[in-house]
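Counted from 1, the sequence shown has number 258 at position 258 by UniProt numbering; the numbering is strictly sequential.
Beta carbons: idealized from backbone N, C-alpha and C, even for Gly.
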Amino acid sequence: MVPMRSLPFKTICLLGLNDGLFPRNTRAAAFDLIARHPKKGDRARRDDDRYLFLESLISAREHLYLSYVGRSIRTNEALAPSALLNELADCIADMTGKSTAELYAGQIEQHPLQAFSTRYFDGGSLSSSRQDYADALNRPSETRPPFYTRPLEDGEPPLSVSQNELTTFWKNPVKHWLRHTLDWQPPYLEEADSAGEPFAPPKSREITAAYLQARREHRDFADTAAELTAQSMLPAGQLGTLWRANFETAAKSLEQEILDSPKLPAAPYEYLSDGLTLHGSLTALHLHGQIHFLDHRPNAPEKIGLYLQHLIYNTVRPAGSGDFSSRWVLPDEILTLPPVPAGHAAEILNGWLAYYLIGQTRPLPFFPKTSLAAAQTLLSESKKSEDEKLQAARKAAATHYFGGKMNVGQADYAEVALVFGKDETPPIESELFWLLIENLLLPTLSALQEAV
Numbered sequence: 001m002v003p004m005r006s007l008p009f010k011t012i013c014l015l016g017l018n019d020g021l022f023p024r025n026t027r028a029a030a031f032d033l034i035a036r037h038p039k040k041g042d043r044a045r046r047d048d049d050r051y052l053f054l055e056s057l058i059s060a061r062e063h064l065y066l067s068y069v070g071r072s073i074r075t076n077e078a079l080a081p082s083a084l085l086n087e088l089a090d091c092i093a094d095m096t097g098k099s100t101a102e103l104y105a106g107q108i109e110q111h112p113l114q115a116f117s118t119r120y121f122d123g124g125s126l127s128s129s130r131q132d133y134a135d136a137l138n139r140p141s142e143t144r145p146p147f148y149t150r151p152l153e154d155g156e157p158p159l160s161v162s163q164n165e166l167t168t169f170w171k172n173p174v175k176h177w178l179r180h181t182l183d184w185q186p187p188y189l190e191e192a193d194s195a196g197e198p199f200a201p202p203k204s205r206e207i208t209a210a211y212l213q214a215r216r217e218h219r220d221f222a223d224t225a226a227e228l229t230a231q232s233m234l235p236a237g238q239l240g241t242l243w244r245a246n247f248e249t250a251a252k253s254l255e256q257e258i259l260d261s262p263k264l265p266a267a268p269y270e271y272l273s274d275g276l277t278l279h280g281s282l283t284a285l286h287l288h289g290q291i292h293f294l295d296h297r298p299n300a301p302e303k304i305g306l307y308l309q310h311l312i313y314n315t316v317r318p319a320g321s322g323d324f325s326s327r328w329v330l331p332d333e334i335l336t337l338p339p340v341p342a343g344h345a346a347e348i349l350n351g352w353l354a355y356y357l358i359g360q361t362r363p364l365p366f367f368p369k370t371s372l373a374a375a376q377t378l379l380s381e382s383k384k385s386e387d388e389k390l391q392a393a394r395k396a397a398a399t400h401y402f403g404g405k406m407n408v409g410q411a412d413y414a415e416v417a418l419v420f421g422k423d424e425t426p427p428i429e430s431e432l433f434w435l436l437i438e439n440l441l442l443p444t445l446s447a448l449q450e451a452v
């Protein structure tokens with residue numbers, strides 16, 4: 001609370017109005033000559049608090065609650081209230097024609113320290129019962145309606161979609177639907193600063209990208225390390241030397257032929273699928289195919305986007321763009337997605353586009369981390385029976401969706417909790433959740449099984 005910054009409220013509560021605590025007595029340091037020789041116009045914290053108290057009285061529109069600790073928690077002796085409370089009581093007493101003692105007896109409520117005090121049960125002014133609480137507890141629980149019940153009927157289905165919009169949608173279909181249908185914005189959550197001692201560089205992605213760029217341009221790693229150290233991105237001393245060695249070793253382990261692969265011009269395209277036109281431009285084309293330089297290992301949503309780009313690449317097949325394989329250049333290795341026959345790639349891509357249209361009318365129970373874990377479990381447990389595979393996949397889906405002590409599940413994501421949090425049955429048990437895995441992820445991963 002700051003003077004001259006008050007706003008009107010229906011109810012204002014001021015707590016801790018004890019003598020010596022409010023107004024505050026600030027003692028200046030011994031060397032503070034300004035405080036020792038004050039002049040008119042100098043700020044006084046005690047006067048600010050008195051003015052703030054008056055502003056609080058004016059700002060309360062319906063109720064004003066003033067409280068102070070009336071007795072010592074150790075000796076139970078009476079404690080004096082703030083001088084402002086005494087002045088307020090004297091003022092009200094003069095206005096009403098009562099004595100200050102009469103006003104205190106009628107307006108001040110003394111609450112016992114312990115909740116089991118006999119005063120709470122003697123039938124006096126303090127009541128131990130709350131009829132409204134009892135009524136609320138005895139009232140039958142209301143069944144909360146689900147957030148989504150039927151598809152939206154307003155608007156025409158889109159006739160075209162860009163590559164960027166398609167990949168963005170499948171990285172988080174629920175958030176995309178909320179943003180584009182309800183203009184929803186995720187709540188802002190400021191991450192707390194870590195209290196731990198940082199032994200690893202906090203900007204490892206930028207450092208990895210710098211070493212990868214130096215390797216591609218055949219520059220000396222010593223110059224790169226000097227630049228990063230000057231920018232305070234690498235720690236100094238022996239710790240910095242150890243981390244530099246790690247980044248250099250990772251960059252040197254990459255295949256130089258792939259890093260030196262000549263860049264090809266971007267290839268614009270248009271692809272028609274059941275009335276929906278997919279358009280965009282393939283910008284990562286090289287002589288050795290499609291190459292994505294990544295400064296970190298892709299997470300599940302990023303993998304979905306890269307899988308879709310690989311399917312598009314093998315569907316449109318621009319001329320002179322290598323063997324139609326895609327490579328992910330990671331900090332310490334290169335992963336290769338094998339070519340997919342054009343017809344098969346188009347068939348899989350058509351499925352993603354068809355469900356994209358459905359996702360414009362309703363939120364899809366597709367959660368990249370959860371869905372991808374379930375699909376990979378189904379593929380890895382191929383030697384087991386169908387029931388055993390499905391049971392293992394359900395367990396993997398539940399682990400990633402609900403989370404645990406060490407990780408946050410996707411059920412706790414703001415958009416997922418908003419849309420599916422009120423459903424009686426979790427979305428990972430719905431038929432559509434497993435249909436999306438069966439019709440989209442399983443065909444995609446089966447075609448790329450050598451790489452995953």
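Look at residue 114 here: in three-state DSSP terms it is coil, with no helix or strand label.
In this structure the segment 317-328 lies against the segment 273-291, because at least three pairs of beta carbons, one per stretch, are closer than 8 Å. With distances taken between CA atoms, residue 83 lies nearest to 25 out of 445, 61, 25 and 396. Taking C-beta atoms as the reference points, residue 18 and residue 69 count as a pair closer than 7 Å.
Relative to the Cα of residue 362, the nearest Cα in the group 373, 179 and 378 belongs to 179. Less than 7 Å divides the Cβ of residue 419 from the Cβ of residue 147.
Counting C-beta pairs with one atom in each stretch, the segment 225-243 and the segment 312-324 have fewer than three that are closer than 8 Å, which means they do not touch.
In the pairwise beta carbon analysis, the segment 401-411 is classified as not touching the segment 333-341: fewer than three pairs are separated by under 8 Å. One alpha carbon belongs to residue 431, the other to residue 395, and they sit about 16 Å apart. The residues 14, 17 and 85, in chain order, have a CB closer than 7 Å to that of residue 66 in the same chain once the five nearest residues on each side in sequence are set aside. If you ignore the 5 residues before and after residue 64, its C-beta comes within less than 7 Å of the C-beta of 12 and 57, all in its own chain and listed in chain order.
Sequence-distant partners of residue 171 (beyond 5 residues in either direction) whose C-beta falls short of 7 Å from its own C-beta, in its chain, are 301, 304, 305 and 368. Annotated three-state conformation of residue 107 is helix, per DSSP.
A distance below 7 Å between beta-carbons, with the five flanking residues on each side excluded, links residue 157 to the following residues of its chain, in chain order: 357 and 360. If you look at residue 149, you'll find it isn't in any alpha helix (DSSP H); DSSP assigns it neither H nor E. For the 7 Å CB-CB criterion, residue 43 and residue 23 do not form a contact.
Per DSSP, the beta bridge partners of residue 293 are 329. If you draw a straight line from the Cα of residue 379 to the Cα of residue 440, it comes to about 13 Å.
The DSSP-derived three-state label of residue 176 is helix. Per DSSP, residue 28 lies in no alpha helix (DSSP H) and is assigned neither H nor E.
Note that the C-beta distance between residue 167 and residue 308 is below 7 Å. Here residue 263 is bridged, per DSSP, to 286.
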